[in-house]
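K.L.:
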Amino acid sequence: MARQLGLTRATIGNAMRVLLDAGLVVESAEMSPESRKGRPGVGVTLNPSGAYFVGVDVGTRSLTGVLLDLQMNVVSRIVEPTGPRYRDAGHISAKLLSLIERLLSESPTLQDKVEGIGISVPGLVGRDGSVVHAPFLEWLNYPLQAELTRKAPADWSVMVWNDAFAFANAELAASATAKAGSMLVVLLAEGIGGAIIDDGRVVMGGHGYSGEIGHTIVSAGGRVDTFEMLAGAKLFTRLFEEGQPVADGVQMLLAGIGNKEVDAALDAWVSGLSAGLVNAIHLLDPGRIVLGGPLAGLYPKLSRRIQADIKRRLLAGFAMPEIRVAQFGADGAAIGAAATIRDTLFALPDLETNTL
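Letter by letter, the sequence shown follows residues 12 to 367 of my numbering.
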């Protein structure tokens with residue numbers, strides 16, 4: 012590490028001592044295979060049980076909560092219906108706290124090592140963690156972060172993020188390739204969100220709202236609508252059971268391929284998704300596209316059709332980007348929200364504001 016950073020062994024040793032004392036890293040026997048003169052180095056690795064982080068993704072159909080360890084492993088997971096009162100932000104805020112209590116009750120010995128809560132919401136989120144506008148939830152200007160901070164343990168960090176940003180953060184935290192070049196992440200859930208990653212950083216835009224590709228206007232199959240109306244979960248509303256989590260509905264769709272009504276809905280989804288992605292490629296020219304969220308579970312089965320449709324519509328000269336499904340699947344937003352708390356443990360201070 013000293014060689015890679017160009018720092019002295021003493022400087023690195025002091026920094027490592029702080030992390031060792033905090034239990035965030037442990038010494039390991041793994042050493043560099045390179046033979047060098049001088050005193051041999053000491054290997055260090057993250058301590059999985061050094062700290063834990065809670066992440067919850069909020070949707071109109073369900074709340075998904077996860078407990079992560081320091082190595083991004085999911086220790087515990089709970090999914091529960093949001094219920095008919097999802098428009099009531101205060102009610103959902105209380106349900107979030109109840110879900111978090113249940114999540115931690117499954118691992119009571121870990122509670123003292125929990126660093127905080129990350130929440131992901133499908134909508135515009137201000138820099139102060141307030142929900143500016145969440146169309147599907149019908150929330151406007153709700154101070155969710157302030158409400159949860161007031162009720163959470165005093166030593167916990169609380170952060171609220173847009174769900175696509177949280178999903179992008181999960182990719183950044185877990186994938187080395189996400190840190191190089193340009194990548195578009197697309198969250199396919201009840202609506203559609205996006206985030207642009209450029210050389211390891213999420214592009215936030217002038218007001219922190221960049222990537223809202225679900226609200227772009229798209230024409231597909233004779234219909235003109237927003238991208239998320241043509242390729243989000245609302246397209247399948249008549250096929251899903253009332254209150255059914257989208258991830259469960261996706262499994263039902265895959266099992267129903269061959270049924271005339273299911274096939275027609277999937278045809279419309281392929282057309283709508285392809286049209287929206289073509290617009291995004293023309294605008295952003297990403298090197299890679301990563302699909303996440305529950306509806307991304309449809310992509311492996313339909314990938315050849317989607318890719319052929321995109322290639323047919325692309326302007327000559329544009330490169331077809333690699334398209335893959337995110338490694339965290341339907342839980343990506345919840346995992347990414349938890350990972351934002353994890354990031355604060357290793358964040359450098361802002362020299363202008365003296366904050367992390």
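All C-beta atoms, glycine included, are put in the ideal place defined by N, C-alpha and C.
Quantities reported herein were computed from a predicted structural model and do not represent experimental measurements.
Please report how far the alpha carbon of Gly70 lies from the alpha carbon of Asp166, in whole angstroms.
P.N.:
Sequence index remark: in the sequence shown, residue 70 carries index 59 (1-based). Sequence index remark: in the sequence shown, residue 166 carries index 155 (1-based). Distance between the alpha carbons of Gly70 and Asp166: 27 Å.
K.L.:
So, is Ile228 buried or exposed, given that buried needs 16 or more other C-beta atoms within 10 angstroms?
P.N.:
Position 217 of the sequence shown holds residue 228. Looking at its Cβ environment, which holds fewer than 16 other Cβ atoms inside 10 Å, Ile228 is exposed.
K.L.:
Confirm, please, whether the CB-CB distance from Gln156 to Gly140 is below 9 Å.
P.N.:
Within the sequence shown, residue 140 is the residue found at index 129, counting from 1. Within the sequence shown, residue 156 is the residue found at index 145, counting from 1. Contact flag set, yes.
K.L.:
Quick check: the Cα distance between Thr237 and His226, rounded to an integer number of angstroms?
P.N.:
Mapped onto the sequence shown, residue 237 falls at position 226. Mapped onto the sequence shown, residue 226 falls at position 215. About 5 Å.
K.L.:
Extract the residue ranges of the alpha helix (DSSP H) inside the segment 280-332, only unbroken runs of 4 or more that lie entirely within it.
P.N.:
Segments of the alpha helix (DSSP H) lying fully in the segment 280-332: 310-324.
K.L.:
Quick check: what's the CA-CA separation for Leu108 versus Arg315?
P.N.:
As a first step, residue 108 is located in the sequence shown; it is residue number 97 there, counting from the start. As a first step, residue 315 is located in the sequence shown; it is residue number 304 there, counting from the start. Roughly 42 Å between the two C-alpha positions.
K.L.:
Kindly give me the distance between the Cβ atoms of Asp342 and Thr75, rounded to whole angstroms, as I take these residues to be in contact under 8 Å.
P.N.:
Numbered from 1 along the sequence shown, position 331 holds the residue referred to as residue 342. Numbered from 1 along the sequence shown, position 64 holds the residue referred to as residue 75. Right, their Cβ atoms sit about 6 Å apart.
K.L.:
Could you please give me the residues that DSSP links to Ile89 through a beta bridge?
P.N.:
The residue given as residue 89 occupies position 78 in the sequence shown. In DSSP, Ile89 forms a bridge with Gly76.
K.L.:
Helix, strand or coil for His218 per DSSP?
P.N.:
For the purposes of this step, residue 218 is taken as the residue at position 207 of the sequence shown. If DSSP states are grouped into helix, strand and coil, His218 belongs with coil.
K.L.:
Grab the span of the alpha helix (DSSP H) containing Ser104 for me, first residue to last.
P.N.:
By one-based count along the sequence shown, residue 104 stands at place 93. Ser104 -> alpha helix (DSSP H) spans Ala100 to Ser116.
K.L.:
Once DSSP output is grouped into helix, strand and coil, what is the label at Gly233?
P.N.:
Counting from 1 along the sequence shown, the entry for residue 233 is found at position 222. Coil at Gly233, not helix or strand.
K.L.:
State whether the segment 284-301 contacts the segment 324-343, with contact taken as three or more CB pairs (one from each stretch) at a distance under 8 Å.
P.N.:
Taking 8 Å as the limit for Cβ pairs, the verdict is that the segment 324-343 does touch the segment 284-301.
K.L.:
For Ser282, collect the residues of the same chain with a Cβ closer than 6 Å to its Cβ; drop the 5 residues on either side in sequence, then sort them by chain order.
P.N.:
Taking the sequence shown and counting its residues from 1, one reaches residue 282 at position 271. For Ser282, where only same-chain residues beyond five positions count, the Cβ hits under 6 Å are Ala231 and Gly232.
K.L.:
Out of Ser116, Leu294, Glu252 and Lys312, which has the shortest C-alpha to C-alpha gap to Trp280?
P.N.:
Residue 280 sits at position 269 when you count from the first residue of the sequence shown. The option with the nearest alpha carbon to Trp280 is Lys312.
K.L.:
If contact is defined by three or more beta carbon pairs under 8 Å, each pair taking one atom from either stretch, is the segment 212-223 in contact with the segment 318-325?
P.N.:
As far as the Cβ criterion goes, the segment 318-325 does not touch the segment 212-223, which means the pair count is below three.
K.L.:
Indicate the three-state DSSP secondary structure (helix, strand or coil) for Asp209 in the structure shown.
P.N.:
Here residue 209 refers to the residue found at position 198 when the sequence shown is read from its first residue. Three-state DSSP puts Asp209 in a strand.
K.L.:
What does the Cβ neighbour count give for Asn365, buried or exposed, with the cut at 16 atoms within 10 Å?
P.N.:
As a working note, residue 365 is residue 354 in the sequence shown. With a pLDDT of only 38 at Asn365, under 50, the local geometry of the prediction cannot be trusted, and the value read off the model is given with reservation. By the neighbour-count rule (16 or more Cβ atoms within 10 Å), Asn365 is not buried but exposed.
K.L.:
Leaving out five residues on either side along the sequence, give the residues of the same chain with a beta carbon under 6 Å from the beta carbon of Asp361.
P.N.:
Here residue 361 refers to the residue found at position 350 when the sequence shown is read from its first residue. With a pLDDT of 48 at Asp361, under the threshold of 50, the predicted position of this residue should be treated as unreliable, though the coordinate-derived value follows. Nothing meets the Cβ criterion.
K.L.:
Counting C-beta neighbours from all protein chains within 10 Å, is the total for Leu18 16 or more, i.e. buried, or is it exposed?
P.N.:
By 1-based counting over the sequence shown, the position of residue 18 is 7. With fewer than 16 Cβ atoms within 10 Å of its Cβ, Leu18 is classed as exposed.
K.L.:
Taking the DSSP output, what are the residues bridged to Glu201?
P.N.:
Translated into the one-based positions of the sequence shown, residue 201 becomes position 190. Glu201 pairs with nothing; no bridge assigned.
K.L.:
May I have a chain-ordered list of the alpha helix (DSSP H) segments no shorter than 4 residues that lie completely inside the segment 116-178?
P.N.:
Listed in chain order, they are 155-162.
K.L.:
Just to confirm, are Gly66 and Ile130 a CB contact at a threshold of 9 Å?
P.N.:
Your numbering for residue 66 matches position 55 in the sequence shown. Your numbering for residue 130 matches position 119 in the sequence shown. Contact: yes.
K.L.:
Inspect the CB distances between the segment 263-282 and the segment 96-105 and report whether three or more fall short of 8 Å.
P.N.:
Short answer: they don't touch.
K.L.:
Just how far apart, CA to CA, sit Phe339 and Val86?
P.N.:
Looking up residue 339 in the sequence shown gives position 328. Looking up residue 86 in the sequence shown gives position 75. Roughly 14 Å between the two C-alpha positions.
K.L.:
Distance, Cα to Cα, Ser118 vs Met170?
P.N.:
Position 107 of the sequence shown, counted from the first residue, corresponds to residue 118. Position 159 of the sequence shown, counted from the first residue, corresponds to residue 170. For Ser118 and Met170, the distance between alpha carbons rounds to 22 Å.
K.L.:
So what does DSSP say about Arg249, is it helix, strand or coil?
P.N.:
Counted from its first residue, the sequence shown places residue 249 at position 238. Correct three-state label for Arg249: coil.
K.L.:
Measuring alpha carbon to alpha carbon, tell me which of Leu356, Phe357 and Ile352 ends up nearest Ala181.
P.N.:
As a position in the sequence shown, residue 181 is number 170, starting the count at 1. Looking at the Cα atoms, Ile352 is the closest of the given residues.
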